[in-house]
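The structure appears below as structure tokens.
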Amino acid sequence: MAAGKDEARALLPKSAAYIGGAWLTDTTGELHAHVNPADGQPLGEWQLPGGADVDAAVHAARAAQVVWWAKSPAARRDALTDAATAIREQRAELGALVSLEMGMPVRASVAGVNLAAEWFSHYAGYADKIDGLVPPVAQPASVLDYARYVPYGVVAAIIPWNGPVLAAALKAAPALAAGNGVALKPSELAPFACLRLGELLVEAGLPPGLVNVVPGGADVGQRLCGHDDVGLITFTGGGRAGRAVAEAAAARHVPTVLELGGKSAAIVFPDADVPKVAKLGAALGVAQNSGQGCFLPTRMLVHRNVYDDVVDGVVAATGRFRLGDPFEPTVSMGPVVDETSCTRILQVIERAVEQRHGRLVAGGHKAAGELSGGFFVEPTVFADVDPDSALAQEEIFGPVLTISPFDTEEQAVELANGTRYGLAGYVWTGDLRRAHRVAEALDAGYVSVNGMALLPPGAPFGGWRASGHGVEGGRAGLAEFLRVKNVHVQL
Ligand code: NAD
């Protein structure tokens, strides 16, 4: 059971910085007034961390990392397992905070927190299995080389607001398993669940200061990126901020993992289960987190033979979504994150209509009536979308799906690969050979056939091209947080 709205309000922290295992009472950054996206009403004001607070977070992480790395691998494994248990036990509370701060329906928020716990469990299992290697040498009797995989020290983890606890786990769990300390920077649009997560990890037994939480905007992010003690930056967010992070990292020659935006295509072949695809296409491309997901299939490419059926099915499905209070258990779509996002998405829709990028077949407006106080955008679908238009090319990050027809498999692949992004691709077909052929041809880091996997911790996930570089998840995701040291011994 998830906690209710009032319980969630009572859980809001007094401070907006959790550093060194304590709440900071005299933060020095900007004043942030948080608005509940579901009703447009203020939730309160918080003084965000300032530059000196960010520095303190990095120092705390550095000091705690030394303690953490001095522990046995088995002790780190057990501590991370305890952290996973604590997150799982507090899923209702953390999920409710997520729903309150950014508007995700509470069932999905709690599921996201559960998945975050899974990431901690998964990476706990790696903590005592990080071994090294012995490179071949010419004279093994007189020379020994050995290489060890070691942590960077302090990792700066900068995350977006669209699923904050899970986004934090995607970075913190492997970073900690690799032996690092973490300075976690959530967006000021979703700071509260992550702040509570930081406290919870200390309650669960992680050394105070190992994970510090400093929410804020670009200023906080830049301060972290520029700090001399930060050895690696892992960033999830949009392309513009990603570039600023990469530039700051390049100035200090610090490596980055960048998980950026996408405009992922779902290709629907005529041999797919059309009614199911239409229903799922609408659920994943419009309703899921109100379209605010990086790798959601927001661009449908449909074979002309089944095109009208799919468009009709998608429109019918969007008509069945229930918009409303994220704490209502039957609600399938919450608001978008804030007024700025709401206005921006509505402008994108308006421009697309004016410039005839496609035919608006569902939604297109801000929700009216009892939802008018919140930032609700109607589930919106454009059919016959010009693949070269901004509507088809640019990430919208809102509940707006585009649908375009194709005639041949080659054309479908060309259209799917025809944006600057390379995050995900989806293939719907009953033909196994075609599924593999198209999966191979898609220029994306993640491909899903006849469904969608929601970030299982064992699978590497990451974008190509303008969607970033590096991965989260699995062995490869752990490797991002380790560097190699070779020791040469002349015997
Ligand atoms: P954003 O780029 O505005 O912000 C992301 C984070 O970076 C926030 O914490 C923000 O405060 C910080 N930031 C902003 N400017 C910065 C700067 N100059 N220096 C350092 N930090 C800075 O993105 P958002 O609006 O929070 O999230 C939406 C974006 O995130 C979308 O583009 C979405 O596709 C992307 N995203 C990608 C993935 C993925 O795994 N590829 C997952 C979720 C979201």
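Note that the sequence shown covers residues 1 to 491 in the working numbering. A virtual CB, placed ideally from N, CA and C, is assigned to each residue, including glycine. Note that the coordinates shown come from a computational prediction; the quantities given were computed from them, not determined experimentally.
What is the residue span of the alpha helix (DSSP H) that residue i lies within?
{"i": "Arg299", "result": "Looking at the DSSP string, Arg299 is not in any alpha helix (DSSP H); the run it does join, the beta strand (DSSP E), is Pro297 to His303."}
{"i": "Thr85", "result": "Pro73 to Glu89"}
{"i": "Glu395", "result": "Counting along the chain, Glu395 falls outside any alpha helix (DSSP H), and DSSP gives it neither H nor E."}
{"i": "Tyr123", "result": "Val106 to Ala124"}
{"i": "Val67", "result": "Gly51 to Ala70"}
{"i": "Gly221", "result": "Ala218 to Gly226"}
{"i": "Arg420", "result": "That residue, Arg420, is in no alpha helix (DSSP H); it is neither H nor E in DSSP."}
{"i": "Gly319", "result": "Tyr307 to Arg320"}
{"i": "Lys5", "result": "Lys5 to Leu11"}
{"i": "Ile349", "result": "Glu339 to Glu354"}
{"i": "Leu24", "result": "Segment: none, Leu24 is in no alpha helix (DSSP H) and carries neither H nor E."}
{"i": "Val277", "result": "Val274 to Ala282"}
{"i": "Leu478", "result": "Gly474 to Ala479"}
{"i": "Gly239", "result": "Gly239 to Arg252"}
Say yes only if the C-beta of residue i is nearer than 8 Å to one or more non-hydrogen atoms of the ligand MG, and no if none qualify.
{"i": "Cys194", "result": "Ligands displayed in this structure: the ligand NAD; the ligand MG is not among them."}
Is it right to say residue i is buried, meaning 16 or more other beta carbons lie within 10 angstroms of its own, or is it exposed?
{"i": "Glu203", "result": "exposed"}
{"i": "His253", "result": "exposed"}
{"i": "Gly468", "result": "buried"}
{"i": "Gly291", "result": "buried"}
{"i": "Gly221", "result": "buried"}
{"i": "Gly319", "result": "exposed"}
{"i": "Asp325", "result": "buried"}
{"i": "Gln65", "result": "buried"}
{"i": "Pro186", "result": "buried"}
{"i": "Ala444", "result": "buried"}
{"i": "Thr340", "result": "exposed"}
{"i": "His227", "result": "buried"}
{"i": "Val471", "result": "buried"}
{"i": "Asp388", "result": "exposed"}
{"i": "Asn305", "result": "exposed"}
{"i": "Val365", "result": "The sequence as given places His at residue 365; Val does not occur at that position. Flag for His365 reads exposed."}
{"i": "His436", "result": "exposed"}
{"i": "Ala390", "result": "exposed"}
{"i": "Val487", "result": "exposed"}
{"i": "Ala494", "result": "With the chain represented from 1 up to 491, any question about residue 494 goes unanswered, as that position is not in the structure."}
{"i": "Asp338", "result": "buried"}
{"i": "Ser372", "result": "exposed"}
{"i": "Val400", "result": "buried"}
So, using beta-carbon positions, are residue i and residue j closer together than 9 Å?
{"i": "Lys485", "j": "Gln393", "result": "no"}
{"i": "Cys342", "j": "Phe376", "result": "yes"}
{"i": "Pro37", "j": "Pro335", "result": "yes"}
{"i": "Val427", "j": "Ile267", "result": "yes"}
{"i": "Gly153", "j": "Ala466", "result": "no"}
{"i": "Pro215", "j": "Leu48", "result": "yes"}
{"i": "His34", "j": "Glu89", "result": "no"}
{"i": "Val245", "j": "Ile158", "result": "yes"}
{"i": "Val314", "j": "Ile396", "result": "no"}
{"i": "Ala92", "j": "Ala183", "result": "no"}
{"i": "Leu206", "j": "Ala83", "result": "yes"}
{"i": "Val150", "j": "Arg483", "result": "yes"}
{"i": "Pro297", "j": "Met452", "result": "yes"}
{"i": "Ala416", "j": "Ala265", "result": "yes"}
{"i": "Gly473", "j": "Gly458", "result": "yes"}
{"i": "Glu30", "j": "Gly237", "result": "no"}
{"i": "Trp46", "j": "His32", "result": "yes"}
{"i": "Glu480", "j": "Val277", "result": "no"}
For the beta strand (DSSP E) that contains residue i, what are its first and last residues?
{"i": "Pro405", "result": "Val400 to Phe406"}
{"i": "Ala33", "result": "Leu31 to Val35"}
{"i": "Asp145", "result": "Val143 to Pro151"}
{"i": "Phe192", "result": "Run containing Phe192: none in the beta strand (DSSP E); it sits in the alpha helix (DSSP H), Phe192 to Glu203."}
{"i": "Lys485", "result": "Leu482 to Gln490"}
{"i": "Gln47", "result": "Pro42 to Gln47"}
{"i": "Val449", "result": "Tyr446 to Val449"}
{"i": "Leu176", "result": "Note, Leu176: premise wrong, no beta strand (DSSP E); alpha helix (DSSP H) at Pro164 to Ala177."}
{"i": "Ala368", "result": "Counting along the chain, Ala368 falls outside any beta strand (DSSP E), and DSSP gives it neither H nor E."}
Chain B beta carbons: is any one of them nearer than 9 Å to that of residue i?
{"i": "Thr298", "result": "The structure shown contains no chain B; it holds only a single protein chain."}
Should residue i be listed as close to the ligand NAD, given that the test is whether its C-beta is under 8 Å from any heavy atom?
{"i": "Ala116", "result": "no"}
{"i": "Gly291", "result": "no"}
{"i": "Leu454", "result": "no"}
{"i": "Pro460", "result": "no"}
{"i": "Gly237", "result": "yes"}
{"i": "Lys185", "result": "yes"}
{"i": "Ser448", "result": "no"}
{"i": "Asn212", "result": "no"}
{"i": "Ile345", "result": "no"}
{"i": "Ala444", "result": "no"}
{"i": "Ser467", "result": "yes"}
{"i": "Trp161", "result": "yes"}
{"i": "Leu423", "result": "yes"}
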